[in-house]
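Comments concern the structure below.
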Amino acid sequence: MNRVRFIFIALFVVCIQLAYAQSSEIDSIKKILPLSKGHEHFELLIELFKKNLGVNYDSALHYASLATIKARQIGDSLSIVKSYNAQGWTRMRLGSSLCIPDFEYALEIARRNDYQDQVKYLLNNLAISHNDFANYDKALEYHFQSLQLRQLEGKASDISVALNNIGLVYSNLLDYENALAYFQQSKDLKEKNGINYDLDRAYINIALTQFNLGDYDLALENISKVLEICNEGCNDEVQVEAYFALAKISMKKNLLSKARDELKKTVKIARRIGSNMYQSQALHLNAVIELEENSPNKALNYLNESQSTLVGTNLRDQTLNNYMLYVSIYNDLGDYQSASEYQQKYIELNREIFSGDLIKN
928 MNRVRFIFIA LFVVCIQLAY AQSSEIDSIK KILPLSKGHE HFELLIELFK
978 KNLGVNYDSA LHYASLATIK ARQIGDSLSI VKSYNAQGWT RMRLGSSLCI
1028 PDFEYALEIA RRNDYQDQVK YLLNNLAISH NDFANYDKAL EYHFQSLQLR
1078 QLEGKASDIS VALNNIGLVY SNLLDYENAL AYFQQSKDLK EKNGINYDLD
1128 RAYINIALTQ FNLGDYDLAL ENISKVLEIC NEGCNDEVQV EAYFALAKIS
1178 MKKNLLSKAR DELKKTVKIA RRIGSNMYQS QALHLNAVIE LEENSPNKAL
1228 NYLNESQSTL VGTNLRDQTL NNYMLYVSIY NDLGDYQSAS EYQQKYIELN
1278 REIFSGDLIK N
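Residue numbers (this note's numbering): 928 to 1288.
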């Protein structure tokens, strides 16, 4: 555990240094932006989108939206595709279903102009967004289209991305054996070909799946590998995933104080980058801890905060989880009418999510 703590401290120092460098780069680009025109102006907007993506989603969305306007002014099809993909990606991270029409619009133009790389990326992003919004049949449909394209091209890094993302859908479907198989394939392909991109996330996903299968020691071992990878610097998105995973593992090992610490870090980073999903999930787990420690009123406060974070998003899976926890809390408080109301909400939303015919593979 001391080794893990040391890695966290080193990671914290490195990330502060990276944050200062990132801010300086953003300021430099913003200074020359008003002096640019045409394609140069568009490329600077896209660069500002990229730089802000790991810092704050609202700022990233601002520049992506400006890029869509500039792309349409220029009238360049590829620029339009890239800018709408950027705008959709940020909206997806903010939990807004408006990302789907962005991706669909860009995909239509990309297919019409035979931009195969963009088609591949957009299929992947459509799949991720449908997965986030619990439309699992559509998510698998788009992911397998994306995987087929990537396998035809034969690029290992691209194939590994598709395999990982298919694993995420199966994980949400609670099919952890299939999920683990796809995550392992993705990780093995990366390591076999010396691919470091998203290797940290591959270990996080494997750890979370092992956690769900009850292999808590193996899960902790793989999260420790993530921290080692991050020792040279990880962005906030990877950190928030790692801290959240460590919190879940700590809870199962009954290390509740440790779990609280990791959830606090998760919420702090999630708020900084604007991730409603991780903020809501972390607050939900805080509520679970309080309920387990016989503090239903504190649990209710955390859960209300979790649910308020979901307002204006389409994160139905987390809403479903919150409804079920409301049932437990209100039963514990003796408010059986409220418990019954949330039970009905849970049944209706669960039916809506899982009513589609899921793709079997």
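Beta carbons: idealized from backbone N, C-alpha and C, even for Gly.
These numbers were taken from a predicted model, which means no experiment stands behind them.
Quiz item: So, helix, strand or coil for L1034, using DSSP?
Solution: helix
Quiz item: What's the C-alpha gap between N1289 and T1240?
Solution: Summary: the structure shown does not reach residue 1289, with the chain confined to residues 928 through 1288, and so no result is reported for it.
Exercise. Taking S1073 and N1051 to be in contact with their CB atoms under 8 Å, please state how far apart those CB atoms are, rounded to whole angstroms.
Key: 5 Å
Practice problem: Could you say which of S963, L1210, L988, N1224 lies nearest to T1246 if we only look at CA atoms? | Solution: L1210
Quiz item: Between the beta-carbon of L1005 and the beta-carbon of L1034, is there less than 8 Å?
Solution: The answer is no: Cβ separation not under 8 Å.
Exercise. Have a look at N1231 and R1020 and give me their C-alpha separation to the nearest angstrom.
Key: Each residue's Cα considered, the two are about 21 Å apart.
Quiz item: Excluding the five sequence neighbours on either side, which residues of its own chain have a C-beta within less than 7 Å of the C-beta of L945, listed in chain order?
Solution: Note on L945: pLDDT 44, under 50, position unreliable in the model; no value is reported.
Quiz item: Do K1180 and Y1143 have their C-beta atoms closer together than 8 Å?
Solution: yes
Exercise. Report the rounded CA-to-CA distance for E1219 versus A1197, giving the unit in angstroms.
Key: 24 Å
Quiz prompt | Local Cβ density within 10 Å of L1101, reported as buried at 16 or more and exposed below that | solution = exposed
Exercise. Tell me whether R1278 is buried or exposed, calling it buried when 16 or more other Cβ atoms sit within 10 Å of its Cβ.
Key: exposed
Quiz prompt | Alpha carbon of L1285 to alpha carbon of Y1011, nearest angstrom | solution = Bear in mind that the predicted position of L1285 carries a pLDDT of just 43, short of 50, making it too unreliable to give a figure here.
Quiz prompt | Unbroken stretches of the alpha helix (DSSP H), 4 residues or longer, contained in the stretch 1002-1058 | solution = 1004-1020, 1026-1039
Exercise. Can you check the stretch 1087-1138 for any alpha helix (DSSP H) of at least 4 residues that lies completely inside it and give the ranges in chain order?
Key: At a cut-off of 4 residues, the continuous stretches assigned as alpha helix (DSSP H) that sit fully inside the stretch 1087-1138 are 1103-1119.
Exercise. Give me the Cα-Cα distance between E970 and I996, rounded to the nearest whole angstrom.
Key: 13 Å
Self-check item: Through-space distance from Q1137 to L1183, alpha-carbon basis
Solution: 20 Å
Self-check item: Collapsed DSSP secondary structure at I943 in the structure displayed
Solution: Interpretation of I943 is limited by its pLDDT of 40, a score under 50 that renders its predicted location unreliable; the figure taken from the coordinates is listed afterwards. In this structure, I943 counts as helix in the three-state DSSP scheme.
Quiz item: Between I1133 and L1107, which are expected to be in contact by the criterion C-beta below 8 Å, what is the C-beta distance as a whole number of angstroms?
Solution: 7 Å
Exercise. Give the C-beta separation of I1093 and H1070 to the nearest angstrom, bearing in mind that I take them to be a contact with Cβ-Cβ under 8 Å.
Key: 5 Å
Quiz item: Skipping 5 residues on each side, what residues in its chain have a beta carbon closer than 7 Å to that of V1194?
Solution: Q1206, A1209, L1210
Quiz item: Any idea if L1212 is buried or exposed, counting beta-carbon neighbours within 10 angstroms, 16 or more meaning buried?
Solution: buried
Practice problem: Measuring alpha carbon to alpha carbon, tell me which of N1249, Q1264, S1023 ends up nearest L1276. | Solution: N1249
Quiz item: What do you get for G1141, buried or exposed, if any count of 16 or more other CB atoms within 10 angstroms of its CB means buried?
Solution: With fewer than 16 Cβ atoms within 10 Å of its Cβ, G1141 is classed as exposed.
Quiz item: What is the DSSP secondary structure of C1161, reduced to helix, strand or coil?
Solution: C1161: coil per DSSP, three-state reduction.
Exercise. With DSSP as the reference, label N1228 as helix, strand or coil.
Key: helix
Practice problem: Within the same chain, show all residues whose beta-carbon is closer than 8 Å to that of E974, passing over the 5 residues directly before and after it, in chain order. | Solution: I956
Quiz item: Cα-Cα, which of L972, D1041, D1064, A1214 is closest to L1076?
Solution: D1041
Practice problem: Assign E1220 to one of three DSSP states: helix, strand, or coil. | Solution: Of the three classes helix, strand and coil, the one that applies to E1220 here is coil, per DSSP.
Practice problem: Below 8 Å on the Cβ atoms is my guess for D1127 versus V1165; work out the distance and round it to an integer in Å. | Solution: Rounded, the Cβ-Cβ distance is 5 Å, consistent with contact.
Practice problem: Please report the Cβ distance between L1252 and V1215, rounded to the nearest whole angstrom; I am assuming they are in contact, meaning their Cβ atoms lie under 8 Å. | Solution: 7 Å
Quiz item: Applying the criterion that 16 or more other CB atoms from any shown protein chain within 10 Å of the CB defines a buried residue, is D1044 buried or exposed?
Solution: The residue in question, D1044, is exposed, as its Cβ has fewer than 16 Cβ neighbours within 10 Å.
Quiz prompt | CA-to-CA distance, I1200 to A937, given in whole angstroms | solution = A caution first: A937 carries a pLDDT of 42, below 50, which makes its placement in the model unreliable, though a value can still be read off. Approximately 21 Å, taken between the alpha carbons.
Quiz item: Can you find a C-beta in chain D that's less than 8 Å from the C-beta of N1231?
Solution: Checking the listed chains, one finds no chain D in this structure; it contains a single protein chain.
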